[in-house]
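Heads up: the structure comes next, in structure tokens.
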């Protein structure tokens, strides 16, 4: 009698079962709202008193109306606030990450410093904004200290000037996020092969040369990730300027961001304009992220091509010398 052979059980289909919850939640909480937002952007849909107008299909009128509503001004405000906070953030984070990971410095208590610089990231942005609003108000502790030290005779109205308000917003964004960026960059540097640094030290390279020739090129992927996530976060900037300026974007709407404008449309239940602005934000984010990704990847590919060309040129020289010696 022939023995029945057992069929091998196929487990490949079980993978779909495990990834199904993600796709179900993505469709319900992300894809459907996204499609609904795009649909609303083509409709006249708002509330006037107790009367609900719409939804009435009006095509691209919401988009043209958004452009007339000082969209470029609010876009400029958003990018100014982001750049003012991001440039110090990435510079300080790179310096701290290079110091903390440098084996020659033998820094004691490194873990304590890491915890301290990361702590502001754990504070809610709303609490941080309220703290700065209290500290830098006209009768706040900062003005009181400056007057007691006879540095100023009258209180400085930080929140009444464009540079003062933007500076405080940039400072808060810097303090909240530079610790997180430092930790990520430290992890990236620790992942670099230490033999590269040892070889560079043996060749007599300075710390500056090692940083720009080895460290920065090797942590390029993490830098790309940091830049893209920071860019998206900058476009979505809302809570800090909203609380600090009480939602007015004062003075003279110089700190009004795109998400604050979107919030104003949602408060007045103008879903058509809010949908059009959301689509604009989606397109701007996608274009900027694509530009950053392509620029950094192209630069990396060019560097690899240059290294490959130099290697081939060196090999040809060696082959020529060896051929001459043989002859």
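Numbering (the working numbering), first residue to last: 728 to 1054.
From the three backbone atoms N, C-alpha and C, an ideal C-beta is built for every residue, glycine too.
If you're wondering where the values come from, they're calculated on a predicted model, not measured in any experiment.
Can you give me the C-alpha to C-alpha distance between residue 741 and residue 747, rounded to a whole angstrom? Each residue's alpha carbon lies about 10 Å from the other.
Rounded to whole angstroms, what is the Cα-Cα separation between residue 824 and residue 890? In a straight line, the C-alpha of residue 824 is about 30 Å away from that of residue 890.
Whole-angstrom C-beta distance between residue 969 and residue 987, which should lie under 8 Å: The Cβ separation is near 6 Å, so the contact holds.
Quick one: Cα of residue 1079 to Cα of residue 812, how far? No information on residue 1079 is available, as it lies outside the stretch 728 to 1054 that the chain covers here.
Give me the Cα-Cα distance between residue 760 and residue 796, rounded to the nearest whole angstrom. So the alpha carbons of these two residues sit roughly 25 Å apart.
Do the CB positions of residue 808 and residue 947 come within less than 8 Å of each other? No. Outside cutoff.
Measuring CB atoms only, is the stretch 753-773 touching the stretch 928-940, in the sense that at least three cross pairs come out at less than 8 Å? Counting C-beta pairs closer than 8 Å gives fewer than three between the stretch 753-773 and the stretch 928-940, which falls short of the contact rule.
With residue 775 as the anchor, note down where its beta strand (DSSP E) starts and where it stops. Per DSSP, residue 775 belongs to the beta strand (DSSP E) from 770-775.
When 966, 941, 744 and 839 are compared against residue 906, the one with the closest alpha-carbon: Cα-wise, what sits closest to residue 906 is 839.
Identity of the residue in 913, 782 and 1007 nearest residue 799 by Cα: If we check each option's Cα against that of residue 799, 1007 comes out closest.
Which first and last residues belong to the beta strand (DSSP E) in which residue 975 is found? Taken as a continuous stretch (DSSP letters only), residue 975 belongs to no beta strand (DSSP E), as it is neither H nor E.
Same chain only: Cβ atoms within 7 Å of residue 870, ignoring 5 sequence neighbours per side: Excluding positions up to five away in sequence, the list reads 882 and 883.
For residue 781, the three-state DSSP class (helix, strand or coil): In this structure, residue 781 counts as strand in the three-state DSSP scheme.
Within a Cβ cutoff of 8 Å, which residues of the same chain sit near residue 816, ignoring the five residues on either side of it in sequence? Closer than 8 Å at Cβ, skipping near neighbours: 900, 901, 904, 905, 908 and 957.
Alpha carbon to alpha carbon, how far is residue 806 from residue 1014? Give it in angstroms, no decimals. Roughly 14 Å separates the two Cα atoms.
Please state whether DSSP places residue 739 in a helix, a strand or coil. In the structure shown, residue 739 adopts coil according to DSSP, grouped into three states.
How is residue 756 classed by DSSP in three states: helix, strand or coil? Residue state, collapsed to three classes: helix.
Looking at residue 854 and residue 971, is the spacing between their C-beta atoms short of 8 Å? Between residue 971 and residue 854, the gap from beta carbon to beta carbon reaches 8 Å or more.
Would a C-beta distance cut-off of 8 Å place residue 983 and residue 953 closer than the cut-off? The criterion of a C-beta distance shorter than 8 Å is not satisfied by residue 983 and residue 953.
Beta-carbon within less than 7 Å of residue 859's beta-carbon, same chain only, minus the 5 sequence neighbours each way: which residues are those? Same-chain partners within the cutoff: 895, 899 and 971.
DSSP-derived helix/strand/coil call for residue 1053: The pLDDT assigned to residue 1053 is 48, lower than 50, so where the model puts this residue is not dependable, and the model offers no usable value.
Alpha-carbon to alpha-carbon, residue 991 and residue 771: Spanning the alpha carbons of residue 771 and residue 991 requires a straight line of approximately 17 Å.
Classify residue 885 as buried or exposed, calling it buried when 16 or more other Cβ atoms lie within 10 Å of its own Cβ. Around the beta-carbon of residue 885, 16 or more other beta-carbon atoms lie within 10 Å, marking it buried.
Per DSSP, what kind of secondary structure is residue 882 in: helix, strand or coil? In the three-state reduction of the DSSP assignment, residue 882 falls in the coil class.
Is the Cβ-Cβ distance between residue 852 and residue 967 less than 8 Å? Closer than 8 Å, so yes.
According to DSSP, simplified to helix, strand and coil, what is residue 963? Residue 963: coil per DSSP, three-state reduction.
So, for residue 923: in the same chain, excluding its five sequence neighbours on each side, which residues have a beta-carbon less than 8 Å away from its beta-carbon? Apart from sequence neighbours up to five positions away, the residues of its chain that approach residue 923 with a beta-carbon distance below 8 Å are 941 and 945, ordered along the chain.
Tell me whether residue 1094 is buried or exposed, calling it buried when 16 or more other Cβ atoms sit within 10 Å of its Cβ. No statement about residue 1094 is possible, as the shown extent of the chain runs from 728 to 1054 and does not include it.
Please look up how many angstroms separate the CB atoms of residue 773 and residue 780, rounded, as I've assumed it's under 8 Å. Between residue 773 and residue 780 a beta carbon distance of about 5 Å is seen, short of the 8 Å cut, so the two are scored as contacting.
Round the Cβ separation of residue 845 and residue 985 to the nearest angstrom and send it over; I've been treating them as touching at under 8 Å. About 29 Å; that fails the 8 Å criterion.
How would you write the range of the alpha helix (DSSP H) that residue 908 sits in, first residue to last? Residues 889-917.
In or out: residue 961 buried (at least 16 other Cβ within 10 Å) or exposed? Around the beta carbon of residue 961, a 10 Å sphere encloses 16 or more other beta carbons of the protein chains shown; the residue is thus reported as buried.
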